[in-house]
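Heads up, the working numbering is the position in the sequence shown plus 204, with the first residue counted as 1.
Working notes, structure below.
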Amino acid sequence: MPEFTMPSLGADMDEGMLSEWLVHPGDHVSRGDVVAVVETSKSAIEVECFHTGSIDSLLVPEGTTVAVGTPLALIGTGDQEKPAGERPGNEPPAPRGEQPSAARPESTAPGSGTVTPLIRRLAEEQRVDLTRLHGSGAGGRITRADITRTADTAVGPVPSDRRKKASPLARRLAAESGVDLAEVSGSGRNGTVRAEDVRRAARARGAPPARETSRPTAAQGPSSPSPSPVPKGADRAATARLMTRSKREIPHFYLSTTIDMGAALDWMRDRNAALPVSERLIPAALMLKAVARAAGEVPELNGHWVDDAFVPAGRVRLGVAVALRTGGLVAPALAAAEEQSLSDVMAALKDLVSRARKGRLRASETADPSITVTSLGDQGVERVFGVIYPPQVALVGLGRIVERPAAVNGLLGVRPTLAATLSLDHRAADGATGARFLNCLDRLLQRPEEL
């Protein structure tokens, strides 16, 4: 029977805390469905499964920290499934009172097809009642479009709790127990409301917490404190460990060039003039697309250093360094950015940064970026020389676009310029390779219409 294991969500990750299950025994899951939330030392990340079948048993209770590779759940595939009474998951209940039980609702909406965990979570976030929804997918399956269409046609003001940071489980419990999330103080990261916060609020107002009576547990007392999922300062500590390892193991050297951004900005300005505000580009989209294209054209810098050898990546997975508001960094990846349109890169960038700061990244977005970009231009920095994320071999630094005197075709004028830097692993590359990359980046930004 396939196992769903604790994934490795970064080169520096040895263990992670299972923060929340989004599925229950008996739920049907498909490859790519988000089934759990894992908190690493840097961020909370939504984790997808890589098997299709039914959840047979959950082996690890929420709130438990386990090593990478530890089995978290068993996924039955057809005839391998066992009767509920024989499942190996019939172990002592979760200490934090959130272990699923037989009293959980079925994973199908009445009269509709199977509801996947992702669809259920979207419905919870959009406040859509699945029991009243008829799916438009095959066999009555409810799709993402069904959720979006129903949410868009809903009348009335947006519920206040949609603006409140809360885990998916907390939102579901709040809806079931009638608790207004806007009135709940969150004990999670950045004030995020956790399931235990909702249960506590429900007990305080005298309402029976959702399903609590059907999930007996030794640790569900009213005064049970919600343990801190990550020690204070862990974000910074994780970054410190990774960067120390990088500087200790990787022989860095640095290159820098100045790129005339006049053509790129003129082209972008003309394009934006004909578009609504929501579809306009910003310079970062052009820069990231150009970096991704350059990485594809110079594959010697797009990959990893493994076992004393450079291993080129099959495709470009462009890591984007995102500073967290609580400190620390994460570098989720834009997949295949070199093949996407600028509009798609722009949309993907906005979505990725937003979810990174909300702790809503997915495992597939954190796994193995092949080259990373760090940009501090929006904070006024003109030039940044970054530290390589191991086991990558290169990191691109982008600064602020600054108007400087420049000679163009023999004439002196003022031009918008960008300082682009390249940090390189000297074991994998030399200066000539780095220079080729920077020249390629410059060339691409002089032809923005081809990006």
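Each residue gets a CB set at the ideal place from its N, CA and C atoms; glycine is no exception.
Where residue i and residue j are concerned, what is the direct C-alpha to C-alpha distance, given to the nearest angstrom?
| i | j | result |
| --- | --- | --- |
| Leu628 | Asn613 | 32 Å |
| Ala355 | Arg409 | 29 Å |
| Ser234 | Gly257 | 6 Å |
| Gly635 | Thr578 | 20 Å |
| Leu655 | Ser545 | 8 Å |
| Ala571 | Pro206 | 21 Å |
| Val526 | Met491 | 16 Å |
| Ile323 | Gln330 | 10 Å |
| Asp470 | Pro487 | 11 Å |
| Pro431 | Ala327 | Residue placement at Pro431 is flagged as unreliable, the pLDDT there being 49, under the threshold of 50; the coordinate-derived value follows with that caveat. Their Cα atoms are separated by approximately 28 Å. |
| Trp509 | Arg631 | 8 Å |
| Ala623 | His228 | 51 Å |
| Glu504 | Leu522 | 15 Å |
| Arg536 | Ala379 | According to the sequence displayed, residue 536 carries Pro and not Arg. If I take the Cα positions, the gap works out to 31 Å. |
| Ala551 | Gly603 | 21 Å |
| Gly236 | Phe254 | 6 Å |
| Val515 | Ala496 | 18 Å |
| Gly532 | Arg440 | 5 Å |
| Thr576 | Thr637 | 17 Å |
| Asp555 | Leu334 | 25 Å |
| Ala489 | Asp512 | 34 Å |
| Ala271 | Ala611 | 57 Å |
| Asp548 | Arg475 | 15 Å |
| Gly563 | Thr396 | 10 Å |
Using only the heavy atoms of the ligand FMN, determine whether one of them is closer than 6 Å to the beta carbon of residue i.
| i | result |
| --- | --- |
| Pro265 | This structure simply doesn't include the ligand FMN, nor any ligand for that matter. |
In terms of residue numbering, what span does the alpha helix (DSSP H) encompassing residue i cover?
| i | result |
| --- | --- |
| Thr637 | Gly635 to Gln650 |
| Gly466 | Gly466 to Ala477 |
| Met491 | Pro487 to Glu501 |
| Glu400 | Ala399 to Ala408 |
| Val549 | Leu546 to Lys562 |
Just to confirm my understanding: we take residue i, look at its own chain, exclude 5 residues before and 5 after, and list those with CB closer than 8 Å. What are they?
| i | result |
| --- | --- |
| Arg651 | Ala467 |
| Ala567 | Pro211, Leu213, Val242, Ile249, Glu250, Val251 and Glu252 |
| Pro557 | Here the sequence assigns Val to residue 557, which means Pro is not the residue at that position. Cβ neighbours of Val557 beyond the five flanking positions: Val524 and Val526. |
| Thr274 | Thr209, Met210 and Val264 |
| Ala560 | Ser247, Val526, Leu528, Val534 and Pro536 |
| Met447 | Val591 |
Give me the DSSP bridge partner(s) of residue i.
| i | result |
| --- | --- |
| Ser389 | Bridge partners of Ser389: none, in fact. |
| Arg577 | Sequence check: residue 577 is Val here, not Arg. Its beta-bridge partners are Val524 and Val600. |
| Ala456 | According to the sequence shown, residue 456 is His rather than Ala. Note: His456 sits in a beta bridge opposite Asp629. |
| His508 | Val515 and Gln596 |
| Ala370 | Val397 |
| Val534 | Val526 |
| Val233 | Gly257 |
| Glu691 | This structure cannot settle anything about residue 691, because the visible part of the chain is limited to 205 through 655. |
| Met541 | First, the amino acid is wrong: residue 541 is Ala here, not Met. Beta-bridge pairing links Ala541 to no other residue. |
Residues in the same chain with beta-carbon distance under 7 Å from residue i, minus the five sequence neighbours each way, listed in chain order, please.
| i | result |
| --- | --- |
| Ser223 | Val241, Val242, Glu243, Ala248, Glu266 and Pro433 |
| Ala498 | Phe641, Cys644, Leu645 and Leu648 |
| Ala639 | Leu459 |
| Phe589 | Tyr458, Gly601, Thr625 and Ser627 |
| Val481 | none |
| Glu653 | Trp471 |
| Gly581 | Leu602, Gly603, Arg604 and Ile605 |
| Thr461 | Ala624, Leu642 and Asp646 |
| Thr659 | In the structure displayed, the chain extends from 205 to 655; residue 659 sits before or after that span and is not available. |
| Ala494 | Leu645, Leu648, Leu649 and Leu655 |
| Ile454 | Ile592, Pro594 and Asp629 |
What first and last residue would you give for the beta strand (DSSP E) that runs through residue i?
| i | result |
| --- | --- |
| Arg619 | Leu615 to Asp629 |
| Ser568 | No beta strand (DSSP E) holds Ser568; the alpha helix (DSSP H) holding it covers Ala567 to Thr570. |
| Ile279 | Pro275 to Gly280 |
| Ser212 | Per DSSP, Ser212 belongs to no beta strand (DSSP E) and is neither H nor E. |
| Arg608 | Val606 to Val612 |
| Asp260 | Gly257 to Leu262 |
| Met205 | Unbroken run through Met205: none, as it is neither H nor E. |
| Ile145 | Past the boundaries of the shown model lies residue 145; the chain is included only from 205 to 655, so the question cannot be answered. |
| Gly270 | Looking at the sequence itself, residue 270 is Val, so the reference to Gly does not match. Its beta strand (DSSP E) spans residues Thr268 to Ala271. |
For residue i, which residues of its own chain have a beta-carbon under 6 Å away from its beta-carbon, when the five flanking residues on both sides are left out?
| i | result |
| --- | --- |
| Ala517 | Asn506, Gly507 and Ser574 |
| Arg500 | Note on residue identity: the sequence assigns Gly, not Arg, to residue 500. Cβ neighbours of Gly500 beyond the five flanking positions: Val520 and Glu542. |
| Val332 | Ile351, Thr354 and Ala355 |
| Gly220 | Met210, Val242 and Thr244 |
| Arg608 | Thr621 |
| Ser450 | Val591, Ile592 and Pro594 |
| Ala539 | Arg521 |
| Leu599 | Thr576, Gly590, Ile592 and Ser627 |
| Ser364 | Below a pLDDT of 50, predicted positions are generally treated as unreliable, and Ser364, at 44, falls in that range; no measurement from the model is reported. |
Assuming residue i contacts residue j under a Cβ cut-off of 8 Å, what Cβ separation, rounded to an integer in Å, is found between them?
| i | j | result |
| --- | --- | --- |
| Val383 | Ala405 | 5 Å |
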